[in-house]
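Student: Residue numbers (full-length UniProt numbering), protein chains in the order written: chain A, 1 to 315; chain B, 1 to 315.
Virtual Cβ for every residue (Gly too), placed ideally from N, Cα, C.
(1) From this set, 67/B, 139/B, 127/B, 173/B, which residue's C-alpha is nearest residue 42/B's C-alpha?
(2) Any C-beta of chain B within less than 9 Å: which residues of the stretch 10-30 of chain A qualify?
(3) Put residue 89/B into one of helix, strand or coil per three-state DSSP.
(4) Mind pulling the chain B residues with CB within less than 7 Å of residue 271/A?
(5) Using the DSSP secondary-structure output, state which residues sit across from residue 51/A in a beta bridge.
(6) Let me know if residue 34/B comes out buried or exposed under the rule of 16 or more other beta-carbons within 10 Å of its beta-carbon.
(7) Any beta-carbon of chain B closer than 8 Å to the one on residue 307/A?
(8) Is residue 116/B closer than 8 Å to residue 95/B when the C-beta atoms are compared?
(9) Below 9 Å on C-beta distance, what does residue 202/B contact in chain A?
(10) Give the single residue among 315/B, 279/B, 183/B whose Cα lies nearest to the Cα of residue 147/B.
(11) Any beta carbon from chain A within less than 8 Å of residue 313/B's own beta carbon?
(12) When the Cα atoms are used, what is the spatial distance from residue 273/B to residue 267/B?
(13) So does the stretch 7-21 of chain B actually touch the stretch 45-52 of chain B, counting three or more Cβ pairs closer than 8 Å?
(14) Since residue 73/A and residue 63/A should fall inside the 8 Å C-beta cutoff, what is the C-beta to C-beta distance between them, to a whole number of angstroms?
(15) For residue 221/B, count neighbouring Cβ atoms within 10 angstroms of its own Cβ and tell me buried if that reaches 16, exposed if not.
(16) Is residue 164/B a contact residue of the ligand ZN, with contact defined as CB to any heavy atom under 7 Å?
(17) With DSSP as the reference, identify every bridge partner of residue 26/B, one or two as the case may be.
(18) What does the alpha-carbon distance come out to for the pair residue 134/B and residue 25/B?
(19) Would you say residue 250/B reaches chain A, if we count a Cβ-Cβ gap shorter than 8 Å as a contact?
(20) Along chain A, which residues have their Cβ under 7 Å away from the Cβ of residue 310/B?
(21) Which residue marks the beginning of the alpha helix (DSSP H) containing residue 211/B, and which one marks its end?
(22) Name the residues in the stretch 85-97 of chain A whose C-beta lies less than 9 Å from a C-beta of chain B; which are they?
(23) Could you tell me whether the Cβ atoms of residue 209/B and residue 196/B are closer together than 8 Å?
(24) Chain A partners of residue 268/B, CB-CB under 7 Å?
(25) For residue 212/B, count the other beta carbons within 10 Å of its own beta carbon; 16 or more makes it buried, fewer makes it exposed. Which is it?
(26) For residue 301/A, name the three-state secondary structure that DSSP assigns.
(27) Since residue 171/B contacts residue 66/B with CB under 8 Å, what's their CB separation in whole angstroms?
(28) Find the nearest neighbour of residue 233/B within the set 240/B, 223/B, 242/B, 239/B, judged by alpha-carbon distance.
(29) So, helix, strand or coil for residue 157/A, using DSSP?
(30) What span of residues does the beta strand (DSSP E) with residue 99/B cover, start to end?
(31) Relative to the alpha-carbon of residue 156/B, which residue among 61/B, 54/B, 294/B, 286/B has its alpha-carbon at the smallest distance?
(32) Just reading off the beta strand (DSSP E) that residue 337/B is part of, what are its end residues?
(33) Taking C-alpha atoms, which residue in 198/B, 118/B, 109/B lies nearest to residue 288/B?
(34) Is it the case that the Cβ atoms of residue 291/A and residue 165/A are separated by a distance below 8 Å?
(35) Leaving out the 5 sequence neighbours to the left and right, which residues in its chain are closer than 7 Å to residue 320/A when beta-carbon positions are compared?
(36) Identify every residue that forms a DSSP beta bridge with residue 116/B.
Written out as structure tokens, the structure reads:
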């Protein structure tokens, strides 16, 4: 299996430079002084998540005549918005398959980009997307199971390496594994001294179990769906798992209470609105004895319902 | 009266470059397409506000032996934290005078920097600070009435000009006027085509009235204190007013409801936690018919009590 390389990630960075926000590293001065902390605020991207990087890289790599036929994808939310946004920027049609239980805030935000949203039952999204590819002739841009998507997400790691070359630890959420695969690949190549941690909810810790077992372990959708971190309910593909085995040193798992606490900490101390999935890496930093030295936590997304954020802040 | 120049602001930018976050311009794609909007998120600075720029420039300009005697200031909050933070970075003592009615979140955050906080009655803070200067031999770093502070805040405008040279309108909150003076000076010099708007709460619209009258009009503290925007209750000095007369084209005033709505919009759409004072410029953009073309709103601070943010989000 051919894995994504640092050259692929470098090329992605050049390809998407004018389409995404070059997020700064924000010093989190209130954190553990032995593990000085920086936040990589990908919740500040136009669609509120790092997913825009992979989407623009995947669309940008397509030949113009292929891209003109439009794109199709499936996603629980942030990748959907990212593909919708990138398709609009390129002026091509997009069909987005979303599970029926996707938070309304994400369905609305996706539709706002002027794309076709097709809702489907749990576990049906990949097959429905395949049908749409047949019907429309569009190109499938999967949420993580594609080298161009992984390379795009890896630009997060490239920027960390550029801004903090002496980084000792990087913490990144794991779901389907596109972000963790890309960031891990970039950090391995540019900051070989750093330890790369994946972070998962305890209630969706399929990757922790898979990496320990040395092969993909199936957690049924209903089991993964228990976590509040709705962006972390996917499971790696063969492609992302092969990356994760190579580039992730350790997986930290965090409780639902720890995730909520991290959402609150980000709002109160960093002035960032993070969705639960976007806060798990900070929860991992708080929970685990990561190595001393400069540490970066990737705040991967910010699309949280206002009611939930209000509840967490009032709590 | 000698006014701050673009050269002073350029020098400040070099002086503080390693101390502050180089905040990006965040595209706010959901805004009016005829007035494409970017946010300058100064709430992401280490102390949660632009004030760190003026504080580091003022301390950095002092001769080392003068600085060693320590610094004194008075502030309703964000400037206090900024001076405390900068004094700690320079390893010098700081005495901070704060009004008794300052939100607890700001008092605590200031004390956390290991400085001496002296609480005082409304309207007493300047005289108490003067006493502390006498007692300690420290240097007064006022919140806005000083050229080095104005020049430091002006670096916000310099960065806007660097990142979006074709800007058509810049909206910035006005309180004591340090930020507006500095940003206006930088924009006038580097983007002469742009219109510079100050934004004030209707309940603290002393500067709107003063600029219309052509001289400083006194609004009693109790009158200015009615607004929820607790960072905008100060009134310009002769020095900042002279700048504002020269560099502010128009003042927009906004209601308390409009300020709350902007806090909510920033959290929901931009994933930024802004305090009411930090959201007024967006409220001004929503309210007024600013010119067509690229527009920048300065989100000046993020230090809001969680309970208030929860209330606004639940509202």
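Tutor: Taking the structure as given:
(1) Residue nearest to residue 42/B within the set 67/B, 139/B, 127/B, 173/B is 173/B (criterion: CA-CA distance).
(2) For the stretch 10-30 of chain A, the residues whose beta carbon sits under 9 Å from a beta carbon of chain B are, in order, 21, 22, 23, 24, 25, 26, 27, 28, 29, 30.
(3) Annotated three-state conformation of residue 89/B is helix, per DSSP.
(4) Those within 7 Å of residue 271/A in chain B are 43, 44, 48, 272, 273, 302.
(5) Beta-bridge pairing links residue 51/A to no other residue.
(6) Exposed, since its Cβ has fewer than 16 Cβ neighbours within 10 Å.
(7) At least one chain B Cβ lies under 8 Å of residue 307/A.
(8) Taking 8 Å as the cut-off, the Cβ atoms of residue 95/B and residue 116/B count as close.
(9) Those within 9 Å of residue 202/B in chain A number zero; the least Cβ separation is about 25 Å.
(10) Per the Cα distances, 183/B.
(11) Chain A contact via Cβ: present.
(12) In this structure, the alpha-carbon of residue 273/B lies about 5 Å from that of residue 267/B.
(13) Flag = yes, the stretch 7-21 of chain B and the stretch 45-52 of chain B touch.
(14) By a beta-carbon distance limit of 8 Å, residue 73/A does not contact residue 63/A. Their separation comes to about 18 Å.
(15) Counting every other CB atom within 10 Å of its CB across the protein chains shown gives residue 221/B a total below 16, marking it as exposed.
(16) Of the ligands one can find in the structure shown there are none, so the ligand ZN has no counterpart to examine.
(17) Per DSSP, the beta-bridge partners of residue 26/B are 39/B.
(18) When rounded, the distance between both Cα atoms is 43 Å.
(19) It does not; no Cβ of chain A falls within 8 Å.
(20) From the beta-carbon of residue 310/B, the residues of chain A found nearer than 7 Å are 310, 313, 314.
(21) Where residue 211/B is concerned, the enclosing alpha helix (DSSP H) stretches over 206-213.
(22) Residues 85.
(23) Taking C-beta atoms as the reference points, residue 209/B and residue 196/B fail to come closer than 8 Å.
(24) Correct list: 306.
(25) By the neighbour-count rule (16 or more Cβ atoms within 10 Å), residue 212/B is not buried but exposed.
(26) It is a strand residue.
(27) The Cβ separation is near 37 Å, so there is no contact.
(28) Distance check between residue 233/B and each of 240/B, 223/B, 242/B, 239/B places 223/B closest, using alpha-carbon atoms only.
(29) The answer is helix: DSSP assigns residue 157/A an H, G or I state.
(30) Unbroken beta strand (DSSP E) run through residue 99/B: 94-99.
(31) Ranking the options by Cα distance to residue 156/B, first place goes to 54/B.
(32) Given that chain B is displayed from residue 1 to residue 315, the structure contains no residue 337/B and the question cannot be resolved.
(33) Taking only the C-alpha atoms, the option nearest residue 288/B is 198/B.
(34) No. Outside cutoff.
(35) No answer is possible for residue 320/A: the residues shown for chain A start at 1 and end at 315.
(36) Note: residue 116/B sits in a beta bridge opposite 95/B.
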